[in-house]
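Colleague:
Chains as they are written, first to last, in the numbering used here: chain A, 3 to 140; chain B, 9 to 65.
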């Protein structure tokens, strides 16, 4: 399977499904902050990369694919799991980007915090997209 | 220090995502179960690597 952009898929997602993702992401950020305040920066830092959105995302993608096939009169369970697995494969690539993001923050944050975040975000994008392109090429 | 630790969390996230992918693709586990079961991998990697590299006490 090849990972591709599909802007049309945005319209298939219901508003509350976006809400679930945003709420989970925001809630996890707050929880990571609380954990850092209670248990210190080492444990808090781990939870900055806690899988908060992937469980909801994978579950919704599987449900969408299953419903689409059922509405077409097909009983295909595999398709939904394949789509969710593809989402998880994309998350692996994004995780490499997140590793690079955190490494750049480590290196630059003491010099200039605002620039560190900009540089780290650009690095995340470059590493994630490069990993995606490399996967396609392989 | 938090960013150092985030590197380990991100590596654990890669392991978690790969495990979810494997459970869905190879074992055909429903995604709800796969994403919950794989949390063991995230906690194992994150806290295992942290225990090796940092003093958690």
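Think of the CB as a built atom: it goes at the ideal place given N, C-alpha and C, for glycine as much as any other residue.
Distance, Cα to Cα, residue 117/A vs residue 52/A?
Modeller: Locating residue 117/A in the first chain gives position 115, counting from the first residue. Locating residue 52/A in the first chain gives position 50, counting from the first residue. Those two C-alpha atoms are separated by around 24 Å.
Colleague: Quick check on DSSP: helix, strand or coil for residue 16/A?
Modeller: Within the first chain, the letter at position 14 stands for residue 16/A. The answer is coil: DSSP assigns residue 16/A none of H, G, I, E or B.
Colleague: Let me know if residue 48/B comes out buried or exposed under the rule of 16 or more other beta-carbons within 10 Å of its beta-carbon.
Modeller: If you number the second chain from 1, residue 48/B lands on position 40. It is exposed - the Cβ of residue 48/B has fewer than 16 other Cβ atoms within 10 Å.
Colleague: Count the other CB atoms within 10 Å of the CB of residue 23/B; is the residue buried (16 or more) or exposed (fewer)?
Modeller: As a first step, residue 23/B is located in the second chain; it is residue number 15 there, counting from the start. The residue in question, residue 23/B, is buried, as its Cβ has 16 or more Cβ neighbours within 10 Å.
Colleague: Could you check what DSSP says for residue 64/A in three-state terms: helix, strand or coil?
Modeller: As a working mapping, residue 64/A is identified with position 62 in the first chain. Helix.
Colleague: State yes or no: is the C-beta of residue 60/A within less than 8 Å of the C-beta of residue 90/A?
Modeller: Position 58 of the first chain holds residue 60/A. Position 88 of the first chain holds residue 90/A. Yes; because the gap between Cβ atoms is below 8 Å, this pair is in contact.
Colleague: Spatial neighbours of residue 68/A within its chain, please: CB distance less than 6 Å, with the 5 preceding and 5 following residues excluded, ordered by chain position.
Modeller: As a working mapping, residue 68/A is identified with position 66 in the first chain. The answer, listed in chain order, is 82.
Colleague: Going along chain B, which residues have a C-beta under 9 Å from residue 64/A?
Modeller: On the first chain, position 62 is the one that residue 64/A refers to. By Cβ distance, chain B contributes 32, 38, 39 and 40.
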